[in-house]
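Take the sequence shown: its letters are residues 1 to 865, numbered as in the UniProt record's numbering.
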Amino acid sequence: MATPPNTRAGPRLFDLPPEVKKLLTIDTFKGNLSTTEFMEQISADLLAQANDHKNDKALFDPKAFIRTFENVLEELKQLRTRVQEQCDELENSTQVVELQYKKDIADMQGAFDDVYRSYDNLEGRIGEVGKTAIRIGEQLETIDKQRSRASESRDIIEYFMEFQEGNPDRLSMLCEGGDEGQLKAAIICRRLNAVAKEVDTDVRARIGIEKFCESFEKEMLEDFDRAYKEGDPRVMAHRAKVLFEFNGGASCVQIYVNQHEFFMSSKKIEEMEELRKSEDDRDLSNPNVPPPEVDTSLVKLYDDIRITVRKEAGIISAVFPQPATVMQVFLQRIFAQSIQNHVELLLSRAERYSHLAYLRTLASTHAETKRLVDNLKFYCDKEFSLVDAVDVTGLVTSASPEEALDRCMSDLFVPYTEGDRYLQREKLALDELFGTIIAEFLNYMQERKKNSARNQSVLTRTLNQISASTAAGMLSTAPGAAEPSSPSTNPFEQSHPAGSQQPQNLLTVEEGNFKLLSQSAIMRMLNIHAETIARCVELSESQDLPTSTQFLYGLLLDFIGTRYLDIALDDVLEELSTRAEPDTSCFPVVKATTEIIQLMQKHFQTAVVPLVMGSPSVHRSVLTSKNRFMAALEKKSNIVLQRELDAIMSWLGECLSRQKRNDFKPKDEEVVMMSMGTQPCVMCCDFILRIYRAASKSLQGKNLETYLMRIGTEFHAMLMEHFKKFNVTPTGGLLVTKDIAKYEESIQMFKIPQLNDLFEMLRQLGNIFLVKPEILRSILSEGYLARLDPKMLYPYLEKRVDFKSARLDRVLGISSNVEEAPNDANSNRRSLFVNDNTVLKEMKKNYQNNRDFLNQEYMAAFKRT
């Protein structure tokens with residue numbers, strides 16, 4: 001290789017040591033080569049020589065290293081040139097091979113395309129041959145059918161002509177030709193019978209054919225019946241197949257079903273007679289007892305049906321050519337004869353006792369029958385599948401036992417649930433049961449009105465109408481109840497319907513001897529309604545369930561609202577009077593109303609909402625009815641409490657009006673010292689204590705606090721005005737402070753800080769009647785009184801008997817004309833008071849023409865609870 005220009009010729013290769021020459025090969029650079037190691041290996045001998053001469057004085061000579069590295073570099077350049085040449089040769093070879101490979105692939109693709117086209121042509125030709133073969137086969141099949149039909153027609157004509165001649169021996173011999181001959185004879189008889197019906201001219205042949213067919217069918221049925229009794233399934237299967245070919249097999253199916261032991265058992269007939277004579281379970285008519293289990297006789301019957309169907313499914317599948325159709329007939333017979341008779345007997349027996357017994361029996365029977373149907377479907381699914389059976393007339397009938405079971409189930413209960421029959425039964429039962437529960441309350445209310453002076457009020461007339469309608473519903477809807485010979489004045493004094501339970505201790509005596517339904521009675525009504533809802537889920541169709549639930553919930557609202565709570569609230573409203581001492585009967589009524597609203601809300605969420613959620617329109621309607629019901633009761637409860645509050649304040653005012661003019665000007669100081677307060681004070685405190693006890697038992701939380709706050713603030717305002725009316729002597733001032741202390745003690749029972757502050761201010765105000773004139777200035781400049789304007793204190797100071805003699809207006813700087821602006825002489829007196837008149841603002845807010853605000857505050861607090 002020529003040396004590149006401008007390049008110095010390197011040393012000869014033999015100048016390098018052998019060890020270095022071995023390193024300058026291609027194999028050395030294969031894999032991961034470290035440059036550092038390569039340099040160390042090249043200079044290893046030179047370093048060894050340098051170490052041998054390290055003791056020499058001469059300086060280090062780098063020429064050996066330079067010469068070696070230059071030779072190595074030159075050799076590496078030559079090695080790289082050779083490697084590059086080899087790479088170029090390999091790339092050229094690769095390109096040549098790749099081009100050849102692509103050419104081969106292209107040639108193979110063309111060959112494959114030729115093969116694909118050949119296969120497509122072959123497939124098309126095979127398809128044409130197949131279509132031709134199919135057409136030929138269809139033509140051959142048609143020709144064969146025509147030939148067979150022609151042969152059969154010829155045979156039928158020959159047999160028909162033989163019957164014309166009165167010689168059916170050939171067909172009789174065919175019947176005696178074993179199983180195959182009987183099967184063929186059945187087909188011929190069916191066809192001859194059809195021809196005879198169409199050909200009316202030859203009466204002799206038709207009569208002969210009919211007689212022969214009757215004889216043939218009778219013989220086959222006798223053989224089937226004999227094999228059935230002997231338990232020979234092989235003979236039964238053959239005769240059934242022959243009869244199915246003859247006329248569809250309806251006759252053998254009827255024999256099999258009608259003579260089945262399940263329908264012919266004398267033991268079952270005796271059990272039905274015993275059931276007809278037995279009495280119903282009395283617990284069915286008791287709403288306080290959970291619904292009893294299903295009647296044991298029905299459970300036993302259904303267990304027998306399960307065993308029978310499971311056994312007969314295998315026999316029918318082995319005997320009859322179309323077992324699904326036979327099983328359908330068998331199941332229909334079971335429902336029509338055994339189950340329907342049993343269910344009708346149970347329901348008629350329960351109906352004699354009460355509507356509740358009837359409905360409980362209907363629901364339990366429906367649920368148990370549904371379980372039976374599910375079990376029977378499972379048995380049939382294992383043995384049969386949906387088969388289209390062709391009868392002798394050529395009609396296609398569905399032979400699905402599952403569909404037959406659904407239809408039987410529907411037909412069994414349609415007479416009891418069709419239209420609104422079931423819901424009307426539930427309405428009658430609820431009228432009877434709810435009416436029985438509230439009858440005692442209505443009786444009490446009627447007697448209460450008879451003893452009242454306002455007997456002819458609107459409430460009395462309404463109560464009489466509700467009582468009459470409820471009693472009429474209870475008596476008229478009682479199944480089998482005898483009509484009373486002479487109607488009583490009070491309809492609830494009539495005997496209760498048969499089977500119904502006379503409720504005891506359903507009323508509780510509340511405040512003022514007022515009677516209300518006990519909580520157990522309300523819970524009993526809700527439990528009865530919940531059971532009704534459960535029956536509705538069982539007996540109503542899914543698409544009708546929301547509207548049915550709405551109807552039943554409306555009945556509950558009517559009884560609890562219109563026929564109970566409305567009457568109780570209207571009664572206490574009518575009895576409340578602002579002219580007499582009010583009783584506390586309204587508080588238990590409001591408490592009962594609140595508790596019932598909460599129970600109704602929980603009952604609505606638990607029992608009603610899940611059933612109406614699927615129908616938005618019904619859900620909206622039911623929710624509106626429930627909210628309207630609760631809002632009406634809350635509004636009326638608020639009116640009752642407001643009326644009670646007005647009566648309370650009126651009576652407190654009446655008590656204070658009995659304060660005598662000279663009560664606070666006593667002449668006997670010893671009596672004053674021994675006195676615990678004036679008579680009006682004692683009356684007011686005793687009355688407040690009674691009101692507090694009654695309210696705290698009935699109202700809770702914010703309701704109680706707001707109501708007591710109303711009483712306290714209004715009574716405080718009343719006392720503020722009350723003490724402006726009486727002149728007070730120094731000894732009478734002691735009575736004033738005793739009265740105020742007693743008032744304060746009564747209000748402290750409320751445990752409301754705002755009221756305690758107000759009455760503490762009143763107590764301090766009472767001290768101005770007691771202290772001497774010279775210390776009034778210090779009294780008025782301390783505590784709550786320091787926050788009040790002197791104009792508010794003037795009416796009280798003026799009632800001191802020494803007001804003029806002690807010249808209190810001059811001493812305190814209060815002008816007799818309190819409306820005039822104070823002059824400079826009064827400025828020093830006014831400087832004794834703090835400008836912070838918080839208590840004064842509170843008094844003005846509570847007492848000065850602000851009753852509407854307090855009313856709204858109380859109403860809102862009541863609704864929040």
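Virtual Cβ for every residue (Gly too), placed ideally from N, Cα, C. Since we're looking at a predicted model, the values are computed, not measured.
For the candidate residues Leu758, Tyr796, Arg448, whose alpha-carbon lies nearest to that of Leu776?
The sequence position of residue 776 within the sequence shown is 776, counting from 1. Considering only alpha carbons, the answer is Tyr796.
The alpha helix (DSSP H) spanning Leu556 covers which residue range?
The sequence position of residue 556 within the sequence shown is 556, counting from 1. 545 to 557 is the span of the alpha helix (DSSP H), which, as asked, contains Leu556.
Tell me which residues share the same chain as Asp686 and place their Cβ nearer than 8 Å to its Cβ, disregarding the 5 neighbours each side in the sequence.
Mapped onto the sequence shown, residue 686 falls at position 686. Nothing meets the Cβ criterion.
Am I right that Lys742 and Cys681 are in contact with their C-beta atoms under 8 Å? What's the rounded C-beta distance?
For the purposes of this step, residue 742 is identified with residue 742 of the sequence shown, where counting begins at 1. For the purposes of this step, residue 681 is identified with residue 681 of the sequence shown, where counting begins at 1. Contact holds; Cβ gap of about 5 Å.
Under a Cβ-count criterion, where at least 16 other Cβ atoms within 10 Å of its own Cβ denotes burial, should Asn71 be classed as buried or exposed?
As a working note, residue 71 is residue 71 in the sequence shown. Looking at its Cβ environment, which holds 16 or more other Cβ atoms inside 10 Å, Asn71 is buried.
Helix, strand or coil for Leu770 per DSSP?
Counted from its first residue, the sequence shown places residue 770 at position 770. Looking at Leu770 - three-state DSSP - the assignment turns out to be coil, as it is neither helix nor strand.
Helix, strand or coil for Val343? Go by DSSP, reduced to three states.
Locating residue 343 in the sequence shown gives position 343, where the first residue counts as 1. If DSSP states are grouped into helix, strand and coil, Val343 belongs with the helices.
Under 8 Å between C-beta atoms of Pro323 and Ile316
Counting from one through the sequence shown, the residue named residue 323 turns up at place 323. Counting from one through the sequence shown, the residue named residue 316 turns up at place 316. Cβ distance < 8 Å, so Pro323 and Ile316 count as in contact.
Candidates Lys370, Asp304, Glu210, Glu531: closest to Ser338 by CA position:
Taking the sequence shown and counting its residues from 1, the one referred to as residue 338 is at position 338. For Ser338, the nearest C-alpha among the options comes from Asp304.
Quick one: Cα of Met709 to Cα of Leu755, how far?
Position 709 of the sequence shown holds residue 709. Position 755 of the sequence shown holds residue 755. Distance between the alpha carbons of Met709 and Leu755: 7 Å.
Can you tell me which of the three DSSP states Arg661 falls into?
Looking up residue 661 in the sequence shown gives position 661. The answer is coil: DSSP assigns Arg661 none of H, G, I, E or B.
Kindly indicate which residue of Gln764, Ala530, Met445 has the alpha-carbon position closest to the one of Leu555.
By one-based count along the sequence shown, residue 555 stands at place 555. Comparing Cα-Cα distances from Leu555 to each of Gln764, Ala530, Met445, the minimum goes to Ala530.
Three or more beta-carbon pairs under 8 Å between the stretch 423 to 443 and the stretch 527 to 544, yes or no?
yes
So, helix, strand or coil for Lys241, using DSSP?
Indexing the sequence shown from 1 puts residue 241 at position 241. Lys241 falls in the helix class under three-state DSSP.
Measure from the alpha carbon of Ala631 to the alpha carbon of each residue in Phe769, Gly614, Thr606, Gln598, then state which is nearest.
Taking the sequence shown and counting its residues from 1, the one referred to as residue 631 is at position 631. Considering only alpha carbons, the answer is Gln598.
Please confirm whether Thr729 and Leu770 have their CB atoms less than 8 Å apart.
Here residue 729 corresponds to residue number 729 of the sequence shown, with the count starting at 1. Here residue 770 corresponds to residue number 770 of the sequence shown, with the count starting at 1. Not in contact: Thr729 and Leu770 (Cβ atoms no closer than 8 Å).
Using the rule of at least 16 other Cβ atoms within 10 Å of the residue's Cβ for burial, across every protein chain shown, is Asp571 buried or exposed?
Along the sequence shown, read from residue 1 onward, the residue named residue 571 stands at position 571. Burial call: buried.
Once DSSP output is grouped into helix, strand and coil, what is the label at Val195?
By one-based count along the sequence shown, residue 195 stands at place 195. Residue state, collapsed to three classes: helix.
Thinking Ile156 and Val195 are a contact (beta carbons under 8 Å), I'd like their distance in whole angstroms, please.
Taking the first residue of the sequence shown as position 1, residue 156 is located at position 156. Taking the first residue of the sequence shown as position 1, residue 195 is located at position 195. Contact flag correct, Cβ pair sits at about 6 Å.
Quick check: Leu735 and Pro666, are their CB atoms within less than 8 Å of each other?
Translated into positions along the sequence shown, residue 735 becomes position 735. Translated into positions along the sequence shown, residue 666 becomes position 666. Taking 8 Å as the Cβ cut-off, Leu735 and Pro666 qualify as a contacting pair.
Arg800 - partner residues in DSSP beta bridges
The count along the sequence shown starts at 1 and reaches residue 800 at position 800. Note: Arg800 sits in a beta bridge opposite Val728.
Within the stretch 567 to 641, note down every full alpha helix (DSSP H) run reaching 4 residues or more, in order along the chain.
586 to 603, 609 to 612
Determine the direct distance from the alpha carbon of Pro233 to that of Lys218, and round the result to whole angstroms.
The residue you call residue 218 lines up with position 218 of the sequence shown. The residue you call residue 233 lines up with position 233 of the sequence shown. One C-alpha to the other measures close to 19 Å.
Does the distance from the CB of Cys586 to the CB of Val640 come in under 8 Å?
Reading the sequence shown from its first residue, position 586 is the one you call residue 586. Reading the sequence shown from its first residue, position 640 is the one you call residue 640. Result yes, Cβ atoms of Cys586 and Val640 sit closer than 8 Å.
Looking at C-beta atoms only, is the number of pairs between the stretch 432 to 443 and the stretch 546 to 566 that lie closer than 8 Å three or more?
yes
Out of Glu230, Leu719, Asn703, Glu180, which has the shortest C-alpha to C-alpha gap to Phe750?
Your numbering for residue 750 matches position 750 in the sequence shown. For the residues Glu230, Leu719, Asn703, Glu180, the minimum Cα distance to Phe750 belongs to Asn703.
Report yes if the C-beta distance between Leu576 and Arg643 is below 8 Å; otherwise report no.
Reading the sequence shown from its first residue, position 576 is the one you call residue 576. Reading the sequence shown from its first residue, position 643 is the one you call residue 643. Closer than 8 Å, so yes.
Going by other Cβ atoms of all chains shown within 10 Å of its Cβ, with 16 needed for buried, is Val612 buried or exposed?
Position 612 of the sequence shown holds residue 612. The residue is buried, with at least 16 neighbouring Cβ atoms inside 10 Å.
Could you check which residue in Arg800, Leu506, Pro610 has the C-alpha nearest to that of Met523?
As a first step, residue 523 is located in the sequence shown; it is residue number 523 there, counting from the start. Among Arg800, Leu506, Pro610, the Cα nearest to that of Met523 is on Leu506.
If I follow the unbroken alpha helix (DSSP H) through Leu719, where does it start and stop?
The sequence position of residue 719 within the sequence shown is 719, counting from 1. Leu719 -> alpha helix (DSSP H) spans 701 to 722.
As assigned by DSSP and simplified to three states, the class of Thr562
To locate residue 562, count along the sequence shown from 1; it is residue 562. The answer is helix: DSSP assigns Thr562 an H, G or I state.
Proximity of Gly208 and Phe246 at Cβ, strictly below 8 Å:
Within the sequence shown, numbered from 1, the residue matching residue 208 stands at position 208. Within the sequence shown, numbered from 1, the residue matching residue 246 stands at position 246. Their beta carbons are not under 8 Å apart, which means Gly208 does not touch Phe246 by this criterion.
Hey, how far is the Cα of Arg147 from the Cα of Glu138?
As a working mapping, residue 147 is identified with position 147 in the sequence shown. As a working mapping, residue 138 is identified with position 138 in the sequence shown. In a straight line, the C-alpha of Arg147 is about 14 Å away from that of Glu138.
Thinking Cys380 and Ala313 are a contact (beta carbons under 8 Å), I'd like their distance in whole angstroms, please.
For this step, residue 380 is matched to residue 380 along the sequence shown. For this step, residue 313 is matched to residue 313 along the sequence shown. That pair is a contact at about 7 Å.
Top-ranked residue by Cα proximity to Thr584, from Lys515, Thr562, Lys626, Asp88:
The residue you call residue 584 lines up with position 584 of the sequence shown. Nearest C-alpha to Thr584: Lys515.
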